[in-house]
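Right, one structure below, let's go through it.
Number of protein chains: 2
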Amino acid sequence: MEKKLAARLPPPDIEPARLHEAMRYAVLGGGKRVRPVLVYAAGAALGIPESQIDGAACAVELIHAYSLVHDDLPAMDDDDLRRGRPTCHKAYDEATAILVGDALQVLAFEILARGSGLPEDTAIRLRLIHLLATASGTQGMAGGQALDLAATGRSLTIDAVEKMHACKTGALIRACILMVAACAPDLDPAIHTALDEYAQAIGLAFQIQDDLLDIEGDPQMLGKATGSDEAARKPTYPSVAGVEAARIRMHALHRHALRLLRQTPGLQSAPLASVSDWLVLRKR
Amino acid sequence: MEKKLAARLPPPDIEPARLHEAMRYAVLGGGKRVRPVLVYAAGAALGIPESQIDGAACAVELIHAYSLVHDDLPAMDDDDLRRGRPTCHKAYDEATAILVGDALQVLAFEILARGSGLPEDTAIRLRLIHLLATASGTQGMAGGQALDLAATGRSLTIDAVEKMHACKTGALIRACILMVAACAPDLDPAIHTALDEYAQAIGLAFQIQDDLLDIEGDPQMLGKATGSDEAARKPTYPSVAGVEAARIRMHALHRHALRLLRQTPGLQSAPLASVSDWLVLRKR
């Protein structure tokens, strides 16, 4: 994945060199690569070769990386540390970090339009762009971040927290699965529905684990400070429902995801099952 | 154009309502609509019906609008006034303005992928996305803004200023023309070349006039303060070459653009000629 991303990022030795360098810093600085892993696991589930989904895996990770750079900005979450290193605006400057996010977002769409590492069928590639765009926009990630900012310091219902998470992180995780499904044009609608439900379940489970780690995790392992949600008075699943209820909800979602995989014939589901285990059991 | 943009922006009465409202504030606040005008003039030149290029006109204007919102941020150009009204981060807040830009950029690509007001041919729509993405990325608008920030307080050669302008404003203006040309798949290559050269000439002429207006224009007419380039110690064409040389260069580019139109058979060139007159003679 690192090599595939590095090859698609603009080289640091051509102009504007500092912007290119900062883009590479933001993307190639480690990270769990949850979204590409999901793309490849879904590809394995549906028998789609990696060479047909490399472009989607890179595009979705670039969208995620841009969102981290912008979310970390002083006007947003104001974070200094990410993956054990200074955040992009700390390592460079705020103006550069804004441009890094802007340029990473558009690079994702350029990759999908250019077409290398993707199906040749132009209708499929348009569908991938449409899926990624809606997942990133106001009914997806950007909208979720707006809801998150608006919720700061306020009390939310559990439903409202789930709605916010479904937008902020869920939509992009769901897009990983739906983009791969779109690469299998003759897909049985029952499989499509099961995969979509799986994606929504693990998307929320993933976010609850993120919020639990922010309360109980090891800052060393995480590469960032914990307690940031509480300090910022952000409503999260554990803060609204309690840590125990959050953990119970997460494991129920996990079991539900595994059940969906088990009950759907025609899926090579082992990789997707492993991913959902990892997302719930991870310590970072 | 206002109606077409309004119909494509998310409604202000659904969640996240404040973000949607801020997006509409940023886009529907007047503006000259130079880029859509160019799209329609190029459409008229090539006999392409408006109904095939409405989507492109909206997409390119949304990219332009997003770039203004982000460029106005305190970490970038730090402008308080735009089109006679508070800039987006002044009317709302910085976090919202960052998200507004992010969401407008992705909406542009969503519109091109969705396809209403565009050619049905999926290969053409992918080509439009590719053209708009490259014009917006590090070899286009975002890269130009990076060069602009890096140049602040430094002295540049005239060539370097032209290169910066070709990225920062030229690439998107060129994309207006190239996107329409891509909607005419059997276009004579000689016409394509002439239109491309026309676009590059008027793109630079437009920027020089912008810089001249910042020196000599009427703040009331412009809806913003003048003298901002000098105050920010930004190298511009007039600051590097002198006001007289800049005006001479602008009119030479204008004449060159008109000559290209006149010398190219098979073009209904009157609307494009009018646009170039307007861009050079405008007072705002």
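These protein sequences, in sequence, are chains A and B.
Residue numbers for the first sequence follow our numbering, beginning at 2 and rising by one.
Residue numbers for the second sequence follow our numbering, beginning at 2 and rising by one.
Ideal Cβ positions, reconstructed from N, Cα and C, are used throughout, including at glycine.
request  = Please determine, among B/Leu69, B/Asp94 and B/Tyr93, the residue with the shortest C-alpha to C-alpha distance to arginine 83 of chain B.
outcome  = On the second sequence, position 82 is the one that residue 83 of chain B refers to. Relative to the Cα of arginine 83 of chain B, the nearest Cα in the group B/Leu69, B/Asp94 and B/Tyr93 belongs to B/Leu69.
ask   = Between the stretch 142-160 of chain B and chain A, which residues of the former have a C-beta closer than 9 Å to a C-beta of the latter?
value = Those would be Met142, Ala143, Gly144, Gly145, Gln146, Ala147, Leu148, Leu150 and Ala151, in chain order.
query = Do you know how far the Cα of glutamine 269 of chain A is from the Cα of arginine 250 of chain A?
reply = Along the first sequence, one-based indexing puts residue 250 of chain A at 249. Along the first sequence, one-based indexing puts residue 269 of chain A at 268. When rounded, the distance between both Cα atoms is 26 Å.
request  = List the residues of chain A whose Cβ lies closer than 8 Å to the Cβ of leucine 20 of chain B, in chain order.
outcome  = In the second sequence, counting from the first residue as 1, residue 20 of chain B sits at position 19. In chain order: Thr139, Ala143, Gly144 and Ala147.
task = Could you tell me whether the stretch 206-220 of chain B touches the stretch 164-175 of chain B, using the rule of 3 or more Cβ pairs below 8 Å?
result = Result yes; three or more Cβ-Cβ pairs closer than 8 Å.
message = Between cysteine 327 of chain B and alanine 18 of chain B, how many whole angstroms is the CB-CB distance? I'm expecting something under 8 Å.
response = Beyond the ends of chain B as shown, which are 2 and 285, falls residue 327 of chain B; an answer cannot be given.
query = Rounded C-beta distance between proline 239 of chain B and alanine 247 of chain B? I'm assuming under 8 Å.
reply = By 1-based counting over the second sequence, the position of residue 239 of chain B is 238. By 1-based counting over the second sequence, the position of residue 247 of chain B is 246. Between alanine 247 of chain B and proline 239 of chain B the Cβ distance is about 4 Å, and since that is below 8 Å, they are a contact.
inquiry  = Give me the subset of the stretch 99-124 of chain B whose CB atoms are less than 8 Å from a CB atom of chain A, sorted by chain position.
reply    = If the cut-off is 8 Å between Cβ atoms, the stretch 99-124 of chain B has Ile99, Leu100, Gly102, Asp103, Ala104, Gln106, Val107, Leu108, Phe110, Glu111, Leu113, Ala114, Arg115, Gly116, Thr123 and Ala124 near chain A.
ask   = Listing by chain order, which chain A residues have their CB less than 7 Å from the CB of leucine 74 of chain B?
value = What you label residue 74 of chain B is simply residue 73 of the second sequence in a count that begins at 1. Within 7 Å Cβ-Cβ: Ile99.
message = Can you check whether the C-beta of methionine 77 of chain A is within less than 8 Å of a C-beta belonging to chain B?
response = Residue mapping note: residue 77 of chain A aligns to position 76 of the first sequence, counting from 1. It does; some Cβ of chain B falls within 8 Å.
query = Is it true that the CB of isoleucine 159 of chain A sits closer than 8 Å to the CB of alanine 242 of chain A?
reply = To locate residue 242 of chain A, count along the first sequence from 1; it is residue 241. To locate residue 159 of chain A, count along the first sequence from 1; it is residue 158. Judged by their CB atoms, alanine 242 of chain A and isoleucine 159 of chain A are nearer to each other than the 8 Å cut-off.
query = Can you name the start and end residues of the alpha helix (DSSP H) that aspartate 278 of chain B belongs to?
reply = Position 277 of the second sequence, counting from 1, holds the residue named residue 278 of chain B. 271-282 is the extent of the alpha helix (DSSP H) around aspartate 278 of chain B.
query = What are the boundary residues of the alpha helix (DSSP H) that includes methionine 24 of chain A?
reply = For this step, residue 24 of chain A is matched to residue 23 along the first sequence. Its alpha helix (DSSP H) spans residues 18-28.
query = What separation, rounded to the nearest whole angstrom, lies between the Cα atoms of arginine 256 of chain A and isoleucine 15 of chain A?
reply = As a first step, residue 256 of chain A is located in the first sequence; it is residue number 255 there, counting from the start. As a first step, residue 15 of chain A is located in the first sequence; it is residue number 14 there, counting from the start. The alpha-carbon atoms of arginine 256 of chain A and isoleucine 15 of chain A are separated by roughly 49 Å.
inquiry  = Within a Cβ cutoff of 8 Å, which residues of the same chain sit near proline 220 of chain A, ignoring the five residues on either side of it in sequence?
reply    = Along the first sequence, one-based indexing puts residue 220 of chain A at 219. For proline 220 of chain A, where only same-chain residues beyond five positions count, the Cβ hits under 8 Å are Ala226 and Thr227.
request  = Starting from the C-beta of alanine 185 of chain B, find all residues in its chain whose C-beta is less than 7 Å away, skip the five residues before and the five after it, and write them out in chain order.
outcome  = In the second sequence, counting from the first residue as 1, residue 185 of chain B sits at position 184. Within the same chain, alanine 185 of chain B has close Cβ partners Leu47 and Ile49.
key: Test: leucine 213 of chain A CB closer than 8 Å to a CB of chain B   = On the first sequence, residue 213 of chain A is found 212 positions in, with the first residue counted as 1. Closer than 8 Å to the CB of leucine 213 of chain A there is not a single CB belonging to chain B.
query = Cβ of histidine 1 of chain B less than 8 Å from any chain A Cβ?
reply = There is simply no residue 1 of chain B to check, as chain B begins at 2 and stops at 285 in what is shown.
Nearest neighbour of methionine 180 of chain A, chosen from A/Ala152, A/Leu127, A/Ile216 and A/Leu259 [CA to CA] = Within the first sequence, numbered from 1, the residue matching residue 180 of chain A stands at position 179. Looking only at A/Ala152, A/Leu127, A/Ile216 and A/Leu259, the smallest Cα-Cα distance to methionine 180 of chain A is reached by A/Leu127.
task = Just the chain A side, please: which residues come within less than 8 Å of arginine 166 of chain B by C-beta, in chain order?
result = Along the second sequence, one-based indexing puts residue 166 of chain B at 165. First, the amino acid is wrong: residue 166 of chain B is histidine here, not arginine. Simply none; closest approach about 14 Å.
ask   = Can you name the residues that DSSP bridges to proline 87 of chain B?
value = Within the second sequence, residue 87 of chain B is the residue found at index 86, counting from 1. The secondary-structure analysis by DSSP pairs proline 87 of chain B across a beta bridge with B/Leu82.
task = Would you check if the stretch 49-67 of chain B and the stretch 107-118 of chain B touch, i.e. whether three or more CB-CB distances between them fall below 8 Å?
result = Yes, the stretch 107-118 of chain B is in contact with the stretch 49-67 of chain B.
key: Collapsed DSSP secondary structure at cysteine 177 of chain B in the structure displayed   = One-based indexing of the second sequence puts residue 177 of chain B at position 176. Shown here, cysteine 177 of chain B sits in a helix according to DSSP, grouped into three states.
task = Ignore the nearest five residues each way along the sequence and tell me which others in tyrosine 199 of chain A's own chain have a CB closer than 6 Å to its CB.
result = In the first sequence, the residue the question calls residue 199 of chain A occupies position 198. Same-chain partners within the cutoff: Ala258 and Leu261.
inquiry  = On the DSSP letters alone, give me the boundaries of the alpha helix (DSSP H) that isoleucine 203 of chain B sits inside.
reply    = Counting from one through the second sequence, the residue named residue 203 of chain B turns up at place 202. 190-217 is the extent of the alpha helix (DSSP H) around isoleucine 203 of chain B.
request  = Buried or exposed for serine 277 of chain A, please, with buried defined as at least 16 other CB atoms from any protein chain shown within 10 angstroms of its CB.
outcome  = Position 276 of the first sequence holds residue 277 of chain A. Under the 10 Å beta carbon count, serine 277 of chain A is surrounded by 16 or more other beta carbons and is classified as buried.
request  = Could you tell me the distance, in whole angstroms, from the CA atom of histidine 193 of chain A to the CA atom of threonine 97 of chain A?
outcome  = Within the first sequence, the letter at position 192 stands for residue 193 of chain A. Within the first sequence, the letter at position 96 stands for residue 97 of chain A. In a straight line, the C-alpha of histidine 193 of chain A is about 40 Å away from that of threonine 97 of chain A.
ask   = By the criterion of Cβ-Cβ separation under 7 Å, what are the contact partners of threonine 135 of chain A in chain B?
value = Walking along the first sequence from the start, residue 135 of chain A turns up at place 134. Listed by position along chain B, the residues whose Cβ is nearer than 7 Å to that of threonine 135 of chain A are Glu111.
message = Using only the alpha-carbon positions, how far apart do leucine 280 of chain B and aspartate 197 of chain A sit?
response = Here residue 280 of chain B refers to the residue found at position 279 when the second sequence is read from its first residue. Here residue 197 of chain A refers to the residue found at position 196 when the first sequence is read from its first residue. When rounded, the separation of the alpha-carbon atoms in leucine 280 of chain B and aspartate 197 of chain A is 50 Å.
query = Thinking C-alpha only, which one of A/Val40, A/Ala42 and A/Leu10 is nearest valine 28 of chain A?
reply = Counting from one through the first sequence, the residue named residue 28 of chain A turns up at place 27. Sorting A/Val40, A/Ala42 and A/Leu10 by C-alpha distance to the C-alpha of valine 28 of chain A places A/Leu10 at the top.
message = For a contact defined as C-beta to C-beta under 7 Å, what are the partners of glutamate 95 of chain B on chain A?
response = Position 94 of the second sequence, counting from 1, holds the residue named residue 95 of chain B. Chain A residues near glutamate 95 of chain B: Ala76.
query = Mind checking if proline 13 of chain A is an interface residue toward chain B, Cβ cutoff 8 Å exclusive?
reply = Within the first sequence, numbered from 1, the residue matching residue 13 of chain A stands at position 12. Interface flag for proline 13 of chain A against chain B is unset, since no Cβ pair is found closer than 8 Å.
Simplified DSSP assignment, three categories, for cysteine 184 of chain A = As a position in the first sequence, residue 184 of chain A is number 183, starting the count at 1. DSSP places cysteine 184 of chain A in coil when its eight states are reduced to three.
ask   = Measuring CA to CA, which of A/Asp78, A/Ala274, A/Glu111 and A/Arg25 is closest to alanine 92 of chain A?
value = By 1-based counting over the first sequence, the position of residue 92 of chain A is 91. With distances taken between Cα atoms, alanine 92 of chain A lies closest to A/Arg25.
key: Spatial distance of proline 75 of chain A from glycine 224 of chain A (CA atoms)   = As a position in the first sequence, residue 75 of chain A is number 74, starting the count at 1. As a position in the first sequence, residue 224 of chain A is number 223, starting the count at 1. In a straight line, the C-alpha of proline 75 of chain A is about 19 Å away from that of glycine 224 of chain A.
ask   = Sorted by chain position, which residues of the same chain lie with C-beta nearer than 7 Å to isoleucine 112 of chain B's C-beta, five sequence neighbours on each side aside?
value = Residue 112 of chain B sits at position 111 when you count from the first residue of the second sequence. Cβ neighbours of isoleucine 112 of chain B within its own chain (closer than 7 Å, five residues either side excluded): Arg9, Gly56, Cys59 and Ala60.
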